[in-house]
Each structure stands twice: as C-alpha cells, then as structure tokens.
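For reference, the structure discussed in these notes is given below.
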Amino acid sequence: MLLAGLFFAVSPAETSAMSFNIIHRTPHDARTLFAPALKRVPFEKGLFEAASGSGTVTSDVLQPPAPFTSVVPSWNAVVPAGSALGFQARARLGGRWSRWYDMGESRGGLFYSPPSQEDADGLVDIDTLKLKRPADAVRYRAILKPDGGPVTLKLAALAFWDGKAAPPSPYRPGPWVREIRVRPRSQKEEREKYKHDICSPTTLAMLLSYWGRERPTALVAEKVRDQTTRLFGDWSANTYYAGSQNLLSFAARLDSMAALERLIAAGRPVAASLTFDPGELDGAPLKKTKGHFVLVVGFSRTGDVICLDPAAESRAAARRVYRRDQFYEAWLANKGGLAYIAWPLQGSLVEAADATVDIWSKPRKSGGETLRRLHDPSHLTQLLYAEPARLKRARGDWADIEALEQRQFRKGRGWSGYAGWVQAGGIVLRLPAEPPDAVILAKQSSPRGSSSSPRLLSVSTCLSKVSFNRSGRSLRLLDGSAAAFAPEAVGSLENLDEKTRRRRIIQSARLFLGERYYWGGRSGVQFAPDVGVDCSGLVELAYRAAGMNIPRNARDQRRAAHPARREDLREGDLVFLTASERSRRINHVMIYAGGDQLLESSRGAGRALETTFKERFRQTLAELESGVLVMDFSAEKPRRRRLFFGTFF
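Positions in the sequence shown are counted from 1; adding 2 to them yields the working numbering.
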C-alpha cells in the first residue's frame, strides 16, 4: 500500500486520541490515484481533468495511524455550470469494506448534500461519515461529469477522528503570542433572513477578506448554502467555495492547542467549530450552541484565545478573548478540533516526500533523463525527506520554493531560506509541525514496516519519535505510520550536550569519506552509490545530525560563525579558505577533527577525504593563526589563500 499527500496532526503516541488528515494536491499524490481516461493537469492547476465524458478518480487504500469513527471529506474543484463533481467514500471495518457512501456533489458553483444513508456500518450525517464501529482504512473517489465544460479536481481531503481528545498540555509562550489583523464582521448586521443562521459563512467571509478575496457576507452565505438542506454550515460546501476563490481550502482535524498555535504563528487565521452549554464559554455572545464558528486570530500572553465571533451584535464587538481551558473544551473536546483551513497555494508549506529532492536554479526541460554532471552550477542544493520549505510559486510541474532550514544571506534582504526550483512530484503539502526530536545517524537507513516511504533515508533526516528504547527505534513517517530503525541508526535530538554534538559532527562527516564531490550535494542518498556532497553540504549535514541548523553555503557559514582563535579550536569547529590571496570571498570550508586533522569534501581532489594541516599547507596547526595567508598545496598548482577559523559553539 502506498500513501501520499499531506499527513499531520497525529496525537502523541502515549494518548489514545487520534486526529489525522490526508490532503492530496501534488503530482506526488497523483501517483497513488487511479484515474483512467482522465488527464493529469500540471501542479499549478491541480490533479486531474475530465474534458469530455465522465471519469473517476479513485484513491489507493488510505490508512491513518489508528482506528477512527468519523471522516469529513472536502475538495477543491473547477466545475462549470452544467457540470458536476460527486464525492464518495468507503471504510474498512473488521477486514471488510463498507458500501460506497455518497458524500455530496458540486454542481457549478453550488453544493448539494447527499440523501440520507444508513446501514449496519455507518451513516452519512449531511457532510460527515459516522461509523458505528472503528474502521482502520478508507478509500475515496471523485466522479467528474463534464456535461457543461471541463471539470478539474484540484484537491481532495479527508479528516479523521476517533471521538476522543488528547488531554491539554501546559501552555508555553511563543511566536503565537500575537494578533493577526483581520477586519471583523457580525452576522447580526445582515438582513433578517440571514442573521440568525450564518455564523459559518460570516466567519468564512472574514477569512476570505484576509486573503484579499473581499466578498459580501450575504453573497458568501448564498454560495455556501447547501442546496439540499438549505443549511449554511456544511464543511464541504464552505471549503468548496473557498477553493473556488483560488485558495487551498479543506476541513481539518487539529489534535491540540499547540497545532492551532503553530498556524497562528505562521500568520494563518483558523475558522474553528465550537459546541458549548451555558456557563462553559465566558464572554461568548451566545449562551449555548450545538455548532458555532469563530475565527481564531491570536493568543494572549497567558495563552487565552483571541477570536472574532460573528455572533456579536456588531462588528465592533466581534473581538473576544476566550479562556484557554474553556476553548479547549468547546473546540477540541466537543468538536474534535474541527476547522476550516484556507490560504493561497503561494506561501503554503511543503515538505520533501522523497529521500532526496534536488533544488535547481531554474526549471529543467522535461522529456527523458537528464545526464547529471558532478559540477553543474545550476544544481544548488537538496532537501531531505520531511524537510520543510515554503512554496513561492508554481510553474507547470515545477515549484519555486524556499528551503526553510537551509539559511542563506542575500544582500539587501538579510537571512532567508535557500531558494530554488524543485519538481513538484517530490513534495507534498504540510501544516506547521512540532520540531522533530530524532535524527538518522547512519549514512543510509531503511525504514522497516512501511511501504509508503522511500527505500532509503539519508543521514540527518529529522523525524519525530514514536518509541525510543535500547531494543529499537520507531519514528513517525509522513503518512502517519510508525517505521522501525536499527537502534544504532537513529539518535535523539533532545538534551544534547556540547560533547555529544561535537562527536556527532565528526562521526557524520566521516560517513562520506571517499565519495565523489558533488556540487550542490547534501544527502547520503544520491543518484549513484559513490556520489556524495560538496564542501558546505558536508558541513551543514554534519551539524544537522547534531541538532544544529547552520547556513547552507561556505561564505554564509563563515558569516554566521563566531570567530575563533587557533588555541580555542575544538573538534567540530570550522576552517574557511578564501578563493585567492586577494579575494575576501570564502569558497571552501573544512571541519577541524582534532590534533592536526581536517575533514573536507574537496572539489580539487574530487572526493571527501581526511587530511592534515601539514599535508594541505606544509604547516601544522600550531604554526597558523586565523586570518593568515597560507600556501594551499591541495591543487595541481599551489596557490595562496587566506585562512580563517570559526565556531558555532
């Protein structure tokens, strides 16, 4: 079984609660979808298109990390008037598959919920599949009917819940202590025929306005109104309309207050669904509700939740601050963290779905395999599996991204992530996640017990722990599954002292000894077994294994490092060289390995090697100081260069 897409918000392993989401939006996801006779469209446009004649997109078997009892589907699509897109789902219960349940249909710009359906396995409650006993897998299918014009499926999503909520965790201040500026609205200011029932479209209208899609509240209400039930709050209807406004939009289950905090820290307002009884949400304009929407826009210094509540009597009164413990009960405990997510494709977070994803200076020509060169300056760097990046724009099947954990310094812009183009088939969407707490220490390691991950993962790939003990290591993969690794192949990123960090830097760098120098190389899993990394890639990977994210290129590593004196050098510190005697530009970096030893990936030698100051410069370390001119004898023609010492400790 192969899974793909956006996988996030898995509850901690020690709790029995499970909230989980699958989002399909990239060419990587499309590999796991069966769509005979349909055209796969470029990444910038979505997934599949039916231009003439009906067609069906069917998912592979999708298996969350734990059993579930509820599934909320949502989708984004282009559906012209006269055309339609129907969505169905089925679940696997006790080894047997249920029937296909109709989950709704988009016709033109409107949504129609399905007729009532109930059997021994479950029931469809307007927009939610509720199962009568826990299921362990699901499949979906989208039926495209292009009678009035081509239909494009852009995104498909499933939000899972097991009916439980993880207990609240202690609050810690962070970058989520902020208030995102959104213009408030009040449903009570609308016409009588709307004002009592449109909390959902009013909240959505505020969210759309924040992203530059200014729409009258009454118009949004009519667009999201379920044409079957005449209700305004259907998940599928609201996210479908937001998707039609050129946004990514889906229903999601967030598993914790921390997950909500990370979205706020990233500048993403969230439409949250609440249920509460009298006295359970102090300061709310409603005394009680079985279902109500608010827009979460921030957190106070004490962790209370700043919301725009559409039920306020006026827009001026919409801003409310709800007690953290009460909001947790109304949103997480009662509603399973259900929320609308909506933002532009541009600016979305993505992560690498392959062991190694190449970053190029510009999109490459398609058609046939490109002959790789070891010294191609258009090959900038690489992402490792699960490494995050920000999507800046899409062009065809290419994505212009910014690698968030590889810093670079740009004149006039300061520090930012490393920018370049990747093939969209190597990435999936993601939400802001908790920092990983484990790292792969073997040059290459094979995850056991998972068929959805790459066959090999590189050293310095960072993931989250599921279980961690002397007998074995289990880490969480992108699909939510737990994969086993040999104990010696994985290390913790928590509570590392300086001695451990320095030892890991040296051990990780030595994994590449003898391998060929590769311009832009930054992974232990390459296109050929003997291909390695470049000089700064070796350094950056080695530091990453020690839980330290440093800049990607040698010149930026020098810029960010603290100057060091020769007598203070310790294992893991860095040695920089200028391009020439007169140049101030740093173009090479090496790792000090103790004694007179150096570790480097040398373009001149064509490989990663361990050498000494004496071999390299005909002078020992004891004879050198930072900033001196040295004669570099490593090339065929010796040249004078300036040498500097630096440290990140």
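For glycine and all other residues, C-beta sits at the position ideal for the given N, C-alpha and C.
Over the uninterrupted alpha helix (DSSP H) stretch that includes Arg618, give me the two end residues.
Stepping through the sequence shown from its first residue, residue 618 is reached at position 616. In the DSSP assignment, Arg618 falls within the alpha helix (DSSP H) that extends over Phe615 to Phe619.
Would the beta-carbon of Ile507 fall within 8 Å of that of Ala563?
Along the sequence shown, one-based indexing puts residue 507 at 505. Along the sequence shown, one-based indexing puts residue 563 at 561. Contact flag unset, no.
Run of the alpha helix (DSSP H) containing Arg557, from where it starts to where it stops:
What you label residue 557 is simply residue 555 of the sequence shown in a count that begins at 1. Where Arg557 is concerned, the enclosing alpha helix (DSSP H) stretches over Ala556 to Ala562.
Considering only their Cβ atoms, is the gap separating Arg475 from Leu489 smaller than 8 Å?
By one-based count along the sequence shown, residue 489 stands at place 487. By one-based count along the sequence shown, residue 475 stands at place 473. It is Pro, not Leu, that sits at residue 489 in the sequence shown. Cβ atoms of Pro489 and Arg475: closer than 8 Å.
Going straight from the alpha carbon of Glu542 to that of Pro553, what length do you get?
One-based indexing of the sequence shown puts residue 542 at position 540. One-based indexing of the sequence shown puts residue 553 at position 551. Looking at the backbone, the Cα of Glu542 and that of Pro553 are separated by about 7 Å.
If you follow the alpha helix (DSSP H) that Glu194 is part of, which residue opens it and which one closes it?
Residue numbering aside, residue 194 sits at position 192 when the sequence shown is read from its first letter. Annotation: the continuous alpha helix (DSSP H) that includes Glu194 extends over Glu194 to Lys197.
When you compare only the Cα positions, how much space is there between Ala267 and Leu406?
One-based indexing of the sequence shown puts residue 267 at position 265. One-based indexing of the sequence shown puts residue 406 at position 404. The C-alpha of Ala267 lies about 15 Å from the C-alpha of Leu406.
Cβ of Ala52 within 8 Å of Cβ of Pro148?
Working through the sequence shown from its first residue, we reach residue 52 at position 50. Working through the sequence shown from its first residue, we reach residue 148 at position 146. In contact: Ala52 and Pro148 (Cβ atoms closer than 8 Å).
Given 8 Å, three or more beta-carbon pairs between the region 34-44 and the region 437-450:
As far as the Cβ criterion goes, the region 34-44 does not touch the region 437-450, which means the pair count is below three.
Take Asn575 as the anchor and find which of Ala581, Leu601, Leu262 and Gly111 has the nearest alpha-carbon.
Along the sequence shown, one-based indexing puts residue 575 at 573. A small fix is needed here, since residue 575 is Asp in this sequence, not Asn. Among Ala581, Leu601, Leu262 and Gly111, the Cα nearest to that of Asp575 belongs to Leu601.
If contact is defined by three or more beta carbon pairs under 8 Å, each pair taking one atom from either stretch, is the region 291-299 in contact with the region 168-176?
Taking 8 Å as the limit for Cβ pairs, the verdict is that the region 291-299 does not touch the region 168-176.
Can the beta-carbon of Leu477 be found closer than 8 Å to that of Arg27?
On the sequence shown, position 475 is the one that residue 477 refers to. On the sequence shown, position 25 is the one that residue 27 refers to. With contacts defined as CB atoms closer than 8 Å, Leu477 and Arg27 fail to qualify as a contacting pair.
Beta-carbon separation (whole angstroms), Gly482 vs Pro66, contact threshold 8 Å
The sequence position of residue 482 within the sequence shown is 480, counting from 1. The sequence position of residue 66 within the sequence shown is 64, counting from 1. Rounded, the Cβ-Cβ distance is 6 Å, consistent with contact.
Report the three-state DSSP secondary structure of Trp226 (helix, strand or coil).
Locating residue 226 in the sequence shown gives position 224, where the first residue counts as 1. In the sequence as presented, Trp is not what sits at residue 226; that position holds Val. Three-state DSSP puts Val226 in a helix.
Tell whether a beta-carbon distance below 8 Å holds between Glu627 and Arg568.
In the sequence shown, counting from the first residue as 1, residue 627 sits at position 625. In the sequence shown, counting from the first residue as 1, residue 568 sits at position 566. Contact flag set, yes.
Which residues mark the beginning and the end of the beta strand (DSSP E) in which Met105 is found?
The residue you call residue 105 lines up with position 103 of the sequence shown. Run containing Met105: Tyr103 to Arg109, per the beta strand (DSSP E) assignment.
So within the region 17-49, which uninterrupted alpha helix (DSSP H) runs reach at least 4 residues, ignoring any that extend past its ends?
Uninterrupted alpha helix (DSSP H) stretches at least 4 residues long and entirely within the region 17-49 occur at 29-32, given in chain order.
May I have the straight-line CA-CA distance separating Trp333 from Glu404, to the nearest angstrom?
Residue numbering aside, residue 333 sits at position 331 when the sequence shown is read from its first letter. Residue numbering aside, residue 404 sits at position 402 when the sequence shown is read from its first letter. Trp333 and Glu404 have their C-alpha atoms spaced approximately 33 Å apart.
In the DSSP assignment, find the beta strand (DSSP E) that holds Ala260 and state where it starts and stops.
Counting from one through the sequence shown, the residue named residue 260 turns up at place 258. Counting along the chain, no beta strand (DSSP E) covers Ala260; the unbroken alpha helix (DSSP H) around it starts and ends at Met259 to Ala267.
Neighbourhood of Leu49 by C-beta distance below 6 Å, restricted to the same chain and skipping five residues each side
To locate residue 49, count along the sequence shown from 1; it is residue 47. Cβ within range, chain order: Ala32 and Leu155.
Cβ-Cβ distance between Leu393 and Gly349 below 8 Å
Indexing the sequence shown from 1 puts residue 393 at position 391. Indexing the sequence shown from 1 puts residue 349 at position 347. Yes, Cβ-Cβ distance for Leu393 and Gly349 is below 8 Å.
Thinking C-beta only, is Thr219 closer than 8 Å to Leu194?
For the purposes of this step, residue 194 is identified with residue 192 of the sequence shown, where counting begins at 1. For the purposes of this step, residue 219 is identified with residue 217 of the sequence shown, where counting begins at 1. In the sequence as presented, Leu is not what sits at residue 194; that position holds Glu. No, the pair does not count as a contact, with Cβ atoms beyond the cut-off.
Note down, in chain order, each residue of its chain lying with its Cβ closer than 7 Å to the Cβ of Ala354, except the 5 sequence neighbours on either side.
Your numbering for residue 354 matches position 352 in the sequence shown. Shown here for Ala354: same chain residues with a beta carbon closer than 7 Å to its own, the five before and five after excluded, namely Leu385, Leu386, Tyr387, Ala388, Glu389, Gly428 and Ile429 in chain order.
Rounded to a whole number of angstroms, what is the C-alpha to C-alpha distance between His198 and Asn336?
Residue 198 sits at position 196 when you count from the first residue of the sequence shown. Residue 336 sits at position 334 when you count from the first residue of the sequence shown. Distance between the alpha carbons of His198 and Asn336 is about 22 Å.
Between Pro565 and Gly648, is the Cβ-Cβ spacing less than 8 Å?
Against the sequence shown, residue 565 aligns to sequence position 563. Against the sequence shown, residue 648 aligns to sequence position 646. Yes, the pair counts as a contact, with Cβ atoms nearer than the cut-off.
Just to confirm, are Pro287 and Asp311 a CB contact at a threshold of 8 Å?
The residue you call residue 287 lines up with position 285 of the sequence shown. The residue you call residue 311 lines up with position 309 of the sequence shown. Judged by their CB atoms, Pro287 and Asp311 are nearer to each other than the 8 Å cut-off.
Measuring straight from C-alpha to C-alpha, what distance separates Thr17 and Ala239?
Within the sequence shown, residue 17 is the residue found at index 15, counting from 1. Within the sequence shown, residue 239 is the residue found at index 237, counting from 1. In this prediction, Thr17 has a pLDDT of 44, which is less than 50 and means its spatial position is unreliable; nothing more can be read from the coordinates.
Ile508, DSSP secondary structure in three states
Counting from 1 along the sequence shown, the entry for residue 508 is found at position 506. Ile508 falls in the helix class under three-state DSSP.
In angstroms, rounded to a whole number, what distance separates the CA positions of Arg512 and Gln408?
Indexing the sequence shown from 1 puts residue 512 at position 510. Indexing the sequence shown from 1 puts residue 408 at position 406. Between Arg512 and Gln408, the alpha-carbon positions lie close to 21 Å from each other.
For the alpha helix (DSSP H) that Trp417 lies in, which residues bound it at each end?
Counted from its first residue, the sequence shown places residue 417 at position 415. Under the DSSP assignment, Trp417 falls outside any alpha helix (DSSP H), being part of the beta strand (DSSP E) whose first and last residues are Gly416 to Gln425.
How many whole angstroms separate the CB atoms of Ala610 and Gly534, which I take to be in contact at a CB cut-off of 8 Å?
Working through the sequence shown from its first residue, we reach residue 610 at position 608. Working through the sequence shown from its first residue, we reach residue 534 at position 532. Going by Cβ atoms, the distance from Ala610 to Gly534 rounds to 5 Å, so yes, they are a contact pair.
Please report the straight-line C-alpha distance between Val630 and Glu583, rounded to a whole angstrom.
The residue given as residue 630 occupies position 628 in the sequence shown. The residue given as residue 583 occupies position 581 in the sequence shown. Spanning the two alpha carbons is a distance of roughly 10 Å.
What is the rounded straight-line gap between the Cα of Gly597 and the Cα of Thr622?
Mapped onto the sequence shown, residue 597 falls at position 595. Mapped onto the sequence shown, residue 622 falls at position 620. The alpha-carbon atoms of Gly597 and Thr622 are separated by roughly 9 Å.
Measure how close the beta-carbons of Trp423 and Ala391 come, nearest whole angstrom, since I'm counting them as under 8 Å.
The sequence position of residue 423 within the sequence shown is 421, counting from 1. The sequence position of residue 391 within the sequence shown is 389, counting from 1. Between Ala391 and Trp423 the Cβ distance is about 11 Å, and since that is not below 8 Å, they are no contact.
Compute the Euclidean distance between the alpha carbons of Thr613 and Gln599, then round it to the nearest angstrom.
Sequence index remark: in the sequence shown, residue 613 carries index 611 (1-based). Sequence index remark: in the sequence shown, residue 599 carries index 597 (1-based). Rounded to whole angstroms, the separation of the alpha carbons of Gln599 and Thr613 is 6 Å.
Gly300 - containing beta strand (DSSP E), residue span
Position 298 of the sequence shown holds residue 300. Per DSSP, Gly300 belongs to the beta strand (DSSP E) from Thr291 to Phe301.
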